[in-house]
Structures are given as structure tokens and as C-alpha cells.
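The structure appears below as C-alpha cells.
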Amino acid sequence: MVALDLDRQTLFDWLLRLGDNALILGHRTSEWCGHGPALEEDIALANTALDLIGHCQMWYTLAAEVEGKGRTADNLAYLRDAIQFKNVKLVELPNGDIGQTMMREFLFNAFHFELLTALTGSTDPKVSEIAAKAVKEVAYQLDRASDLVVRLGDGTEESHRRMQAALDYLWPYVGEMFLADATDDALAEAGIAPRLTDIQTKWEAIVSDTLDEATLTRPDRRPDVHTGGKQGRHTEHLGYILAEMQFLQRAYPGAEW
Amino acid sequence: MYAQMITSEKSSDDPELLAAFQARIDRGERIEPKEWMPEGYRKTLIRQIGQHAHSEIVGQLPEGNWITRAPTLERKQILLAKVQDEAGHGLYLYSACETLGISRDELFDRLHSGAMKYSSIFNYPTLTWADMGAVGWLVDGAAIMNQVPLQRTSYGPYARAMVRICKEESFHQRQGYTIMMKMAQGTPEQKAMAQDALNRFWYPSLMMFGPSDKDSVHSAQNMAWKIKINTNDELRQRFVNETVPQARYLGLEVPDENLTWNEDKQGWDFSEPDWSEFFAVLKGDGPCNEERLGARRKAWDDGEWFRDGLTAYAEKQAARRKAHAAE
Ligand SMILES: [Fe+2]
Ligand SMILES: [Fe+2]
């Protein structure tokens, strides 16, 4: 199933990035449950969180299989420490207000959608199979998030101000998604994953169209200020997410739930 | 049950119309939104369905408290989906209530101001993971006791909402029981958590049915209108009869020394909950009243700019379409 010239560890690390992005963003999104600004929104956010947690399960299951050490998807989610997580920093940032949450969803989903779309053509059939399942849900999430970004950006003065502030705050984190390292290069050479520069071009198109329609201004700031999450160098926020998420597994080792 | 102590409103309508209305209900006919109904019937239903709707959304909070700490990915998904279902129940019920001529925003205002209540049970804290089991098993279980008969209630939109909701509630109860089973058969610490959860949730669950109302005039009127089907005591007894064997199957002890099988009534005799605690909780002195209502108010207030933004955009779009059409 795996291109022979690609070592297991590299593939495993790359699969973790996909799984960790989904888990951590799913976790953040789930924090809204019961606290949404309208019932319909509460339900939609829970749907998004459910989809993302479903995706992380698929990626982790494949990652564990590739690793071949008998770990499970739950082991990967609950028994790794922050430096072993490989998600981008963007997804671990606190939710902020609902505007910041939706702006993050939009910025990440535009990437996630294009990445998954490309992965449906992966040379690895297991990767393309997962991508094909996930991309339908992410397409819907992207539609919903971009629609809300437009409506809130072009809503009231206050909603516009808040959406612009969210964009400005998140912008220095978006560059990490496209910053290829040796792992990304190896995956691209093996034909398993696309070149991130190609994804970035498509992302740029989606983002500039949506921001225009939303009457929002692209920040005049470097997008790659905050990087390193993919290599396990995170913000302080991730440790708290894990402390909360992993509490039961850590406090009662070996118990079944 | 999610609607407690619903007092009925008096009707000052024409006696002939009232008699004809009652005859329809007695024949088992469904009352639909556009049809004539006594003012008292309408107001009482708003109170009952509204309280039920509020209970669904406030009821998201105690379980929502554990979503980020669920112990496995599967448990996290099941819990998240369950709490999401409760939001969906709220949505159906608010819609049913709106057919009576009150808006969802107005109902929210009444919840936030304290003019309308939600079930007392949601003012208790969820302290360990076993509480996710106990709440599903006992709280959703008690809700089902009340809601299954309400599928036959006289008001059409309410009855139909109940049919949809009941299906999901029985899932919830089974999922809760599964968690209890895992815990009761787990490590000694897990079993202790399960017993502790049962100890804490047993009496508050019995309180969900409300105090005895067999002699209440409100109850008699509501039963005649078929917006209440059974007395509180009947439902409580049914709940105890079903739950005690389930607790024993788990190897857990129901925290009631007086629990004894009564051969004559073919049911369990059990201790009444402490009704002074119930009234204190209803008045606002439960362990989590401030947190629960505070969380609902905060969600609503923080969401104001969001809702306003969407409304403003919709208005701009409508104006743009109009301008475009005029060109
Ligand atoms: Fe419910
Ligand atoms: Fe439920």
C-alpha cells in the first residue's frame, strides 16, 4: 500500500498531521456545544465537530496500522504529549467569539478542502479512500463557513469590525499550512500527497474571492509568523487542550470506558 | 419529566364553545394550530411546551460539561451527538410552541428573566464521567416515562414533536445505561464512581415528576384537556418499577433503605424525595442554577451581534435585489 521508497516513520508523521488537525479543531469546535449564538448554529457546530472527530479516527487508524506497533486510534489521541502532536498552530488557538471561530473554520477549511480534494487522487488507495469520505463533509463545512464570513463581514458595522479583527488575529498563523518540510516533500515525491504550493494557489483564490465579497481587507502582514506546530512545536494552548481531553485516560490507566 | 408543576389557566370563553371543544378532545380528536381553542388551553400549553423546550436546551449544559473530557473518541462522538439531539429537541419544541402565537425570542426572554422555568434536574452538577451514564439512564429514562404518553396529547404539533423526540430519548437512555454498565463492570474506582452517580441522581430523578398532584385542580383540568395524561405519582411509580431491576442488574444499590417490593400493588414501595430541596431548587437555590441560567444568558447576549449581523446582511441583500429588479 505504501510506496516502497517512503519510510514508515515519514508516512506515519504525515498521517498524524491530518489526524491531529482534525482532532484538535474538532475539540475546539465541540466547546461550543450548548453555548452557540442560536440553536441552529449550535447544532451545525456540533455537526462540524462530529465530522472532524470522525476524520481523525480514520487517519489515526491508518497511522497506527502504518506504524505497526499495535497502537489504536484512541492511544494516539489520548496518550501522546504536546510535542508529539503535529497539527498546525491555527487549529489549537482558542475559539474567541463566534466570529473568530467561523473565520478560523473558513481559513482552515479552504485549505482542508483543497488538500482532501487533491488526496482523493493519491497513489495510496487507503489515503484516497479516507479523503473521498472526508471531502464531502468538508465541502459542506467550507460552504457554510464562507457563507457566514460573507454575511457577517457585510452585516452590521460591529459584525464587520469583529470579522476583520478575527482575520487580522488569525492571519499570522495561516502560512504554516503551506510551509512544506522534508516530510511534505517526501510525500509529494511519492505521489501520495500534493505539493503544498499547489494547494496554496487554490486557497488564495478561495480566500480572496470570499474576503472581497465579505468586504474584508486582506491583512498587510506576514502569514507565516507562527509556525512549527507540524514539527511538534506548539503554542501554550495545546497543553491545556490535552490536559482536559486526556484526563480520564491519564488518571485511570488501562480502564475501559 | 421536563415540565413540572404546570398550573392551568382559567378560561373565560363561551361555555358552549368550551363544551364543544371538550367534546372534540373526549372523542380523541387532535387540535391543530389554526383551530379555535380556549385561551386557558393555549396559555397552559405555552407554559408546558415552553418549559419542556427550555429543559432541552438547559439540559445540554450538564452533559456538555464532559464533551471535552470524554474518555475515548467514540464516547466523545456519542456524547456530542446526544447533546446535539437535545438542541434539536429544543428546536422542535420551540417550533411547536410558536404555533400557539409566541415567538422563540419571546420564550428565550422569559427563560432568561426567570419568568419561565426548566426542569429542576438540570441544576445538579455532573462531577464524574459516571454522571454521563447516570444522566442518560435516569434523566432521559424519566423523561421517556412522561413523554411516551404525551405522544397522545391533544395538541397536534406537540404530539408530533413527542413522537420524534421519544425515539431519540430511548437511544439516549440505552447509551447512558451502556456507560453505567462499563463503569459498574470496570475497575473498583469506576464502580465506585457509578454508585456515587446513582446516589446523587436518584432522588433528583424522582423529583423530575413533580410532587404528588392527585388532588390538584390544575392537574384535573390539564388531564381533561389531555395535555397531561398521567398523574405525577403514577409516572414516578412506573419509573421506580422499571429502574430498580436495572440498578440491580448493574450490581448497584438504590440509595433507599425503604425500598421494598409490594406484592399487592405489584410495584416497589420507595421513599419520597426531600420536597423542600425540590422547592429550593425551583426557587433558584440549587447547586447550579446560577451557572445554568448564566450560561444560557451569556450564549444569548454574546450571540446578539452575530444574529444582528445576519439580519442586516439579509436586509441588504433584499434591498440589492429590489434595486436590481428596478433597473
Ligand atoms: Fe431531549
Ligand atoms: Fe435525551
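Chains as they are written, first to last, in my numbering: chain S, 1192 to 1448; chain H, 5 to 331.
Idealized CB from N, CA, C, for every residue including glycine.
Buried versus exposed, by CB contacts within 10 Å (16 or more), residue 266 (chain H): exposed
Counting contacts by CB-CB distance shorter than 9 Å, is residue 1228 (chain S) in contact with chain H? yes
Alpha helix (DSSP H) containing residue 200 (chain H): first to last residue? 192-211
Using CA coordinates, which residue listed in H:37, H:296, H:301 is at the minimum distance from residue 158 (chain H)? H:37
With DSSP as the reference, label residue 92 (chain H) as helix, strand or coil. helix
Mind listing, in chain order, the residues whose beta carbon lies closer than 6 Å to a non-hydrogen atom of ligand 1? H:60, H:90, H:93, H:169, H:173
Determine, using beta carbons only, whether residue 1378 (chain S) and residue 1415 (chain S) come nearer to each other than 9 Å. no
Where residue 57 (chain H) falls: helix, strand or coil (DSSP): helix
How many Å lie between residue 285 (chain H) and residue 1330 (chain S) at the Cα? 46 Å
CA-to-CA distance, residue 1275 (chain S) to residue 1430 (chain S), given in whole angstroms: 11 Å
Ignore the nearest five residues each way along the sequence and tell me which others in residue 1200 (chain S)'s own chain have a CB closer than 7 Å to its CB. none
Cβ of residue 1278 (chain S) less than 9 Å from any chain H Cβ? no
Against chain H, does residue 1349 (chain S) count as a neighbour if the rule is that its beta carbon must be under 9 Å from one of theirs? yes
Less than 9 Å between the C-beta atoms of residue 1164 (chain S) and residue 303 (chain H), yes or no? Since the first residue of chain S shown is 1192 and the last is 1448, residue 1164 (chain S) is not available in this structure.
Where the beta strand (DSSP E) containing residue 266 (chain H) begins and where it ends: 264-266
Name the chain S residues whose beta carbon is nearer than 8 Å to that of residue 133 (chain H)? 1439, 1448
Distance cutoff 9 Å, beta carbons only. Does residue 1328 (chain S) sit that close to anything in chain H? no
In terms of residues, what are the limits of the beta strand (DSSP E) holding residue 40 (chain H)? No beta strand (DSSP E) contains residue 40 (chain H), which DSSP labels as neither H nor E.
With residue 137 (chain H) and residue 176 (chain H) assumed to form a contact (beta carbons below 8 Å), what rounded beta-carbon distance in angstroms separates them? Incorrect: roughly 11 Å between the Cβ atoms, too far for contact.
Going by DSSP, name the residue or residues bridged to residue 271 (chain H). H:266
Give the straight-line distance between the Cα atoms of residue 35 (chain H) and residue 100 (chain H), rounded to the nearest whole angstrom. 12 Å
Could you give the DSSP three-state label for residue 122 (chain H): helix, strand or coil? coil
Three-state secondary structure assigned by DSSP to residue 159 (chain H): strand
Reduced DSSP secondary structure (H/G/I, E/B, other) of residue 283 (chain H): helix
Alpha carbon of residue 1437 (chain S) to alpha carbon of residue 1264 (chain S), nearest angstrom: 13 Å
Starting from the beta carbon of residue 1248 (chain S), find every residue of chain H whose beta carbon is closer than 7 Å, and list them in chain order. 77
Contact list for residue 126 (chain H) against chain S, beta-carbon separation under 8 Å: Residues of chain S passing the Cβ test: none, with the nearest at roughly 11 Å.
How far does the alpha helix (DSSP H) with residue 317 (chain H) in it extend, from its first residue to its last? 308-330
Alpha carbon to alpha carbon, how far is residue 30 (chain H) from residue 313 (chain H)? Give it in angstroms, no decimals. 48 Å
Cβ-based burial, residue 1392 (chain S) [other Cβ within 10 Å; buried from 16]: exposed
Beta-carbon proximity list for residue 1367 (chain S), same chain, < 8 Å, skipping 5 on both sides: 1279, 1280, 1281, 1415, 1417, 1418, 1419, 1420, 1421
Would you mind reading off the limits of the alpha helix (DSSP H) that contains residue 1350 (chain S)? 1348-1365
Inspect the beta-carbon positions of residue 147 (chain H) and residue 212 (chain H) and report whether they are closer than 9 Å. yes
Find out if the Cβ-Cβ distance for the pair residue 1337 (chain S), residue 1384 (chain S) is shorter than 9 Å. no
In chain S, which residues lie less than 9 Å from residue 64 (chain H) when you measure between Cβ atoms? 1224, 1225, 1226, 1233
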